[in-house]
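In full-length UniProt numbering, the protein residues as written are 1 to 420.
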Amino acid sequence: MPATIDLTDPSARPARPQAAKAASQTMDGKPTLIGMSREEMVAAMADAGVPEKQRKMRVNQIWHWLYVRGSSDFADMHTISKELREKLAERYTVARPEIVEEQISNDGTRKWLMRFPPRGAGRPVEVETVYIPEEGRGTLCISSQVGCTLTCTFCHTGTQKLVRNLTAEEILSQLLVARDRLGDFPHKDTPQGAIVPAEGRKVTNIVMMGMGEPLYNFDNVKQALLIASDGDGLALSRRRITLSTSGVVPGIVRTGEEIGVMLAISLHAVRDELRDELVPINKKYPLKELLEACRTYPGVSNARRITFEYVMLKGVNDSLSDAKELVRLLKGIPAKINLIPFNPWPGSAYECSDWETIETFADFVNANGYASPIRTPRGRDILAACGQLKSESERMRKKDRDELESMALQAMMIAGHGAD
Ligand code: SF4
Numbered sequence: 001m002p003a004t005i006d007l008t009d010p011s012a013r014p015a016r017p018q019a020a021k022a023a024s025q026t027m028d029g030k031p032t033l034i035g036m037s038r039e040e041m042v043a044a045m046a047d048a049g050v051p052e053k054q055r056k057m058r059v060n061q062i063w064h065w066l067y068v069r070g071s072s073d074f075a076d077m078h079t080i081s082k083e084l085r086e087k088l089a090e091r092y093t094v095a096r097p098e099i100v101e102e103q104i105s106n107d108g109t110r111k112w113l114m115r116f117p118p119r120g121a122g123r124p125v126e127v128e129t130v131y132i133p134e135e136g137r138g139t140l141c142i143s144s145q146v147g148c149t150l151t152c153t154f155c156h157t158g159t160q161k162l163v164r165n166l167t168a169e170e171i172l173s174q175l176l177v178a179r180d181r182l183g184d185f186p187h188k189d190t191p192q193g194a195i196v197p198a199e200g201r202k203v204t205n206i207v208m209m210g211m212g213e214p215l216y217n218f219d220n221v222k223q224a225l226l227i228a229s230d231g232d233g234l235a236l237s238r239r240r241i242t243l244s245t246s247g248v249v250p251g252i253v254r255t256g257e258e259i260g261v262m263l264a265i266s267l268h269a270v271r272d273e274l275r276d277e278l279v280p281i282n283k284k285y286p287l288k289e290l291l292e293a294c295r296t297y298p299g300v301s302n303a304r305r306i307t308f309e310y311v312m313l314k315g316v317n318d319s320l321s322d323a324k325e326l327v328r329l330l331k332g333i334p335a336k337i338n339l340i341p342f343n344p345w346p347g348s349a350y351e352c353s354d355w356e357t358i359e360t361f362a363d364f365v366n367a368n369g370y371a372s373p374i375r376t377p378r379g380r381d382i383l384a385a386c387g388q389l390k391s392e393s394e395r396m397r398k399k400d401r402d403e404l405e406s407m408a409l410q411a412m413m414i415a416g417h418g419a420d
């Protein structure tokens, strides 16, 4: 049985009075300091009446409280005068989003359903974040959009319209919530029985591979990832952050130059004709252009390989000739191939390849010098429970549940990719 904590039931809710109080502040529409660049925060200090000479110092203090100590309330920030804390609290918030539900799988995989304000979307949006613990590392799968404009035919999110882009704060908050709930800030305890890496950090890697195409929300993703990798704050190494794209070529170049994180490509087909169907953005940026962008990706090397994701679809892309073409196409690119057994969703047109076929494919690719791990699904028990998710005010519509299931599936697929 999965352990599920329904946070809509007050009696089952873990004691987090700060977060609950703060979440309503965020819903009230106060601007948040979370996700602001240092320059934006300096401007916020000016707005709060901080003398010019002190602004940088105050920003450094707040940065430390937010991203090293994990504070979600100005009242905690005792190195700052009470008067300034009160002024800041009148104008701004540093609150976490509301956590609607937390689910914990038998294998330690966790999912959080978070609610963010409408911000032009008409109603609040709900976003799911998935944590996958493994031997020696813990990977967090983060969403960048609610829904998606792209229509990859094997992906359930692709059947859902884009609701809106997530802001930098909302992208970063997914990491902050995970670190809160795993006790991954100094002086915070890890919940009893939680499956997390034995030593060091609980969230060691993040992957931008939740819902949405991150390169269609470039500026917010960039700002959130630069804050996540800032050495004076959350300090995640850029080698432990992987951005996964369906192949937005101009964004790939910018990612390398402006963010400098690891890259993953949703490849799934080795011929344009088939990729046009599976990943339709291929019509705009065909394989040749995509692979050239990978070949010249800034910083790519044997130590910083590009991950290619390849979902195994029975009779569609799983033949030995596909494997041969894959090896030919990737020649000269330091690469690793994640083979993903397809997990069908209701109404999907594809079936998963037979296990023997997947192994034959993997063996061929491996024998030709490319690591090609077959990804095993994680957290299947809580995925099954997705259909039971309920929000406080409304029973989730089927469409929303399907979106969540799709996102959780993707998260399970990539567990373990990125830098070691
Ligand atoms: S695979 Fe990614 S880019 Fe394609 S439809 Fe799904 S969420 Fe969008």
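Here a beta-carbon is modelled for each residue, glycine too, at the ideal position from N, C-alpha and C.
Nothing here was measured: the structure is a model prediction, and the numbers come from that model.
Just grab the DSSP bridge partners of residue i for me.
{"i": "residue 309", "result": "266 and 338"}
{"i": "residue 138", "result": "133"}
{"i": "residue 113", "result": "101 and 128"}
{"i": "residue 205", "result": "139"}
{"i": "residue 164", "result": "146"}
{"i": "residue 32", "result": "93"}
{"i": "residue 304", "result": "301"}
{"i": "residue 374", "result": "339"}
{"i": "residue 352", "result": "313"}
Under DSSP, the alpha helix (DSSP H) around residue i begins and ends at which residues?
{"i": "residue 65", "result": "52 to 67"}
{"i": "residue 244", "result": "No alpha helix (DSSP H) holds residue 244; the beta strand (DSSP E) holding it covers 241 to 245."}
{"i": "residue 121", "result": "Per DSSP, residue 121 belongs to no alpha helix (DSSP H) and is neither H nor E."}
{"i": "residue 283", "result": "Note, residue 283: premise wrong, no alpha helix (DSSP H); not H, not E."}
{"i": "residue 221", "result": "218 to 228"}
{"i": "residue 361", "result": "355 to 367"}
{"i": "residue 321", "result": "320 to 329"}
{"i": "residue 39", "result": "38 to 47"}
{"i": "residue 210", "result": "That residue, residue 210, is in no alpha helix (DSSP H); it is neither H nor E in DSSP."}
{"i": "residue 252", "result": "249 to 254"}
Could you name the residues of the same chain whose beta carbon sits closer than 7 Å to that of residue i, not counting the 5 residues immediately before and after it, in chain order?
{"i": "residue 200", "result": "none"}
{"i": "residue 16", "result": "Note on residue 16: pLDDT 33, under 50, position unreliable in the model; the coordinate value appears next. Same-chain partners within the cutoff: there are none."}
{"i": "residue 56", "result": "42"}
{"i": "residue 397", "result": "Residue placement at residue 397 is flagged as unreliable, the pLDDT there being 46, under the threshold of 50; a coordinate-derived value is accordingly withheld."}
{"i": "residue 37", "result": "223"}
{"i": "residue 506", "result": "No statement about residue 506 is possible, as the shown extent of the chain runs from 1 to 420 and does not include it."}
{"i": "residue 225", "result": "241, 259 and 261"}
{"i": "residue 79", "result": "61"}
{"i": "residue 322", "result": "270"}
Flag this pair as yes or no: are the beta carbons of residue i and residue j separated by less than 9 Å?
{"i": "residue 50", "j": "residue 58", "result": "yes"}
{"i": "residue 262", "j": "residue 306", "result": "yes"}
{"i": "residue 358", "j": "residue 333", "result": "no"}
{"i": "residue 206", "j": "residue 236", "result": "yes"}
{"i": "residue 290", "j": "residue 259", "result": "no"}
{"i": "residue 142", "j": "residue 171", "result": "yes"}
{"i": "residue 354", "j": "residue 314", "result": "yes"}
{"i": "residue 130", "j": "residue 111", "result": "yes"}
{"i": "residue 175", "j": "residue 215", "result": "no"}
{"i": "residue 123", "j": "residue 98", "result": "no"}
Apart from the five residues on each side of it in sequence, which residues of its chain come closer than 6 Å, Cβ to Cβ, to residue i?
{"i": "residue 441", "result": "An answer regarding residue 441 cannot be provided, because it is not within the stretch 1 to 420 covered by the chain."}
{"i": "residue 217", "result": "144, 145 and 165"}
{"i": "residue 372", "result": "337, 339, 362, 365 and 366"}
{"i": "residue 294", "result": "306 and 333"}
Kindly list the residues whose CB is nearer than 8 Å to the CB of residue i, restricted to its own chain and excluding five residues on each side of it in sequence; keep chain order.
{"i": "residue 45", "result": "54, 55, 58 and 59"}
{"i": "residue 195", "result": "107, 108 and 133"}
{"i": "residue 352", "result": "312, 313, 314, 341, 342, 343 and 344"}
* Can you list, in chain order, every residue whose CB sits closer than 5 Å to a heavy atom of the ligand SF4? -> 148, 150, 152, 155, 157, 158, 213 and 246
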